[in-house]
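S.K.:
Protein chains: 2
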Amino acid sequence: MKILVVDDEQLIRNVIREYAEAEGYKIIEAQDGHEAIEKVEKNPDVALIIMDIMMPRLDGYSACKEIFKIKKYPVIMLSARKEEYDKLLGFDLGIDDYVTKPFSPKEVMARIKAVLARVNNRKEEIYRYEDLEVNYKAHSVKIDGEEIKLTPKEYELLVNFIDNEGMALSREQLLSTVWGYDFFGDDRTVDTHIKMLRNSLGKYRDLIVTVRSLGYKFETNKE
Amino acid sequence: MKILVVDDEQLIRNVIREYAEAEGYKIIEAQDGHEAIEKVEKNPDVALIIMDIMMPRLDGYSACKEIFKIKKYPVIMLSARKEEYDKLLGFDLGIDDYVTKPFSPKEVMARIKAVLARVNNRKEEIYRYEDLEVNYKAHSVKIDGEEIKLTPKEYELLVNFIDNEGMALSREQLLSTVWGYDFFGDDRTVDTHIKMLRNSLGKYRDLIVTVRSLGYKFETNKE
DNA sequence: CTTTTTTTTCACGAAATTTACATATTCTTC
DNA sequence: GAAGAATATGTAAATTTCGTGAAAAAAAAG
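Here the protein sequences line up with chains A and B, keeping their order.
Be aware that the first sequence starts at 1, since it is given in our numbering, and climbs by one per residue.
Be aware that the second sequence starts at 224, since it is given in our numbering, and climbs by one per residue.
(1) Could you check which residue in B/Met-224, B/Asp-268, B/Asn-422 and B/Ile-226 has the C-alpha nearest to that of B/Ile-371?
(2) So, does the CB of A/Lys-217 fall closer than 7 Å to a CB anywhere in chain B?
(3) Around the C-beta of B/His-362, are 16 or more other C-beta atoms found within 10 angstroms, so that it is buried, or is it exposed?
(4) For a contact defined as C-beta to C-beta under 8 Å, what are the partners of A/Asp-96 on chain B?
(5) In this structure, what does DSSP give as the bridge partners for A/Ala-30?
(6) Is the stretch 270-284 of chain B close to the stretch 335-352 of chain B, with three or more CB pairs under 8 Å?
(7) For A/Pro-44, which residues in chain B fall below 9 Å Cβ to Cβ?
(8) Nearest chain B C-beta to A/Pro-74 closer than 7 Å, yes or no?
(9) Using CA coordinates, which residue listed in A/Ser-176, A/Asp-187, A/Glu-23 and A/Val-15 is at the minimum distance from A/Ser-104?
(10) Cα separation between A/Gly-215 and A/Glu-66?
(11) Run through chain B and tell me which residues come within less than 8 Å of A/Lys-71, C-beta to C-beta.
(12) If we cut at 7 Å on Cβ distances, does A/Lys-65 have a partner in chain B?
(13) Any C-beta of chain A sitting closer than 7 Å to the C-beta of B/Lys-310?
(14) Check each residue of the stretch 382-405 of chain B: if its Cβ is closer than 8 Å to any Cβ of chain A, include it; give the result in chain order.
(15) In this structure, how does DSSP classify A/Val-211 when only helix, strand and coil are distinguished?
(16) Comparing alpha-carbon positions, which option in B/Lys-265, B/Val-432 and B/Asp-255 lies nearest B/Lys-225?
(17) With a threshold of 8 Å, are at least 3 pairs of Cβ atoms found where one atom belongs to the stretch 241-253 of chain B and the other to the stretch 290-299 of chain B?
(18) Is B/Ser-436 close to chain A? Criterion is C-beta to C-beta, closer than 7 Å.
(19) Can you list the beta strand (DSSP E) stretches of 3 or more residues lying completely in the stretch 230-298 of chain B, in chain order?
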C-alpha cells in the first residue's frame, strides 16, 4: 500500500518513512504541493496522503484542493500549530484526520491505520446474476443458494472480473491487479487459475469467456 | 435520529452539527453537564450522546453518571488528552466509544454510525444461538446452560464477532477493534486468541470460520 | 513481592494453495 | 484438413497460510 508523504522537512519525511516501511507500507515523498500533485499523477494508486500545511511554493490546503480534482484521496494533515486545526475544520475540505507537530511516530502510524481501515471498510453490496451470488462482506460465493468454496486467488479473480464486467482483460492486466505489480512469474499461471475458477463455478463456468490472443472477460447474457 | 452534542466549545458543536445533519441526524446542543441533563430530560428520545469530558460547571464524567440514572444512553466521549481515557476505562462507566481531540469530523461520524449500528443490533440484552447464550450485561457466556469462563480478550473477540455476524474480518480489523487502534504487535496474535476462543466454545467452535488469506468470520446457519 | 492468570511471541508441522511445466485440445489460417 | 499458434488440462513440486503448543512477557491478583 502506497503512502505519499508531503513535507518540506526531510527529517519528518524520514521518520514517517522509517516507521511506515516497517509496517509494510510503500512510501513516496514530495517536498511541496506542486511536487505532491506531480507524484499523485504519476502514482494514481496511492492509498493515503500525509500532507503538511505550511510548505513553500504550494501549501497543503491548496494542494489538496487540486489533488481532489483528480480523485478524492484520503488525507491526514500535519501542522505545527493548533490554531490551524480550526481553520481546517472551517474549510471543510474533507480531511480524514489531523496530527499536530510535534507528534510521536507511533501516533501517526495509529492514525494511518485507522484512516485506511475506515476507507477500506466500504464494501457492502452483493453481486447477483441469476443463481450466482457474491457476498463481498462475507467473502463468500453461492450458486443455487449453496456456498461454493473458492481459493483466495479464485475469489480475487472472480471479483476482479465482476468489477470489469464485459471488458476483456489481458493476462498482464489480471496479473497486475490480482497478483500485484511485483509478480514475476509466468503469464500462463493465469490460465491455470482460470481453469480452476471455471471448475469452481460449475454451471456458470461459461461466464468467463476466452478472448483469443488477448485474455479473458466476464460476460453475462443479461441485456 | 437525535444526537445530543455536549461541549463548551461552539466550534466543536458546529462542526459535528454540520456533518451530522448532512447525514440526516437531528442535533441538540448543550454547553455543559448541567445543560446536558436538562436537555436529556426534555428529549428522552435521544439516540446517542456525544460528550466532552472537560467542561465548566459539570464535567462530562459526572454528567454521564447523572444521566445514566435516568436511562443508559449510548455515549461517545471526547477528550483532549489520552490519559483521560484510562480514567474512563477504569471507572467502567459504560462508555461506548471515545475520540481524542483534535479529531477529524469524518472519524466522529464513522464512530457515530458504528455505535448506533451496534446499539441497534443489541436491542436484546442477550444474544442467543441454539444453546449458546451471551449475556452482555453480565459479561457472561453460557453453553447448554452452563457458564463457560472466557478471558477478557476471548470475550471481547466473541462479542466483536457477534456484532459483525457473517462478515469476514481481517486480522488487522480485529486488532484495531478488539485490541485498540494503537496495538503494534504481531498479526498472528489473533490466531492464538482464535485458538483459545474456539477451545472455550467447545461444540460451537465451528461458528468461527477461517477465511483463508484474510482472517475469520462468525457464521451461524440460521437463515 | 510472589503467585497466578492472561497475553504475546514464535517456530514447527500440517494443510491448503499456488506455481511451473508437460501434454492435450481447440482454434485460425491457408 | 494440416500446420502453427493459442488455450485447456493434469500433475507434482514449491510456496504460503494456518493451527497448535510451549515459553517468554506482561498484567492482575493475592
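Built from N, CA and C at the ideal position, the CB exists for glycine as well.
Quantities reported herein were computed from a predicted structural model and do not represent experimental measurements.
M.R.: So, from the listed chains and residues:
(1) B/Asn-422
(2) no
(3) exposed
(4) Ser-327, Lys-329 and Glu-330
(5) A/Val-6
(6) yes
(7) The contacting residues do not exist; A/Pro-44 stays about 22 Å from chain B at best.
(8) no
(9) A/Val-15
(10) 37 Å
(11) Residues of chain B passing the Cβ test: none, with the nearest at roughly 17 Å.
(12) no
(13) At B/Lys-310 the pLDDT is 49, less than 50, meaning the model places this residue with poor confidence and gives no usable figure here.
(14) Gly-389, Met-390, Ala-391, Glu-395, Gln-396, Ser-399, Tyr-404 and Asp-405
(15) strand
(16) B/Lys-265
(17) no
(18) yes
(19) 249-253 and 271-275
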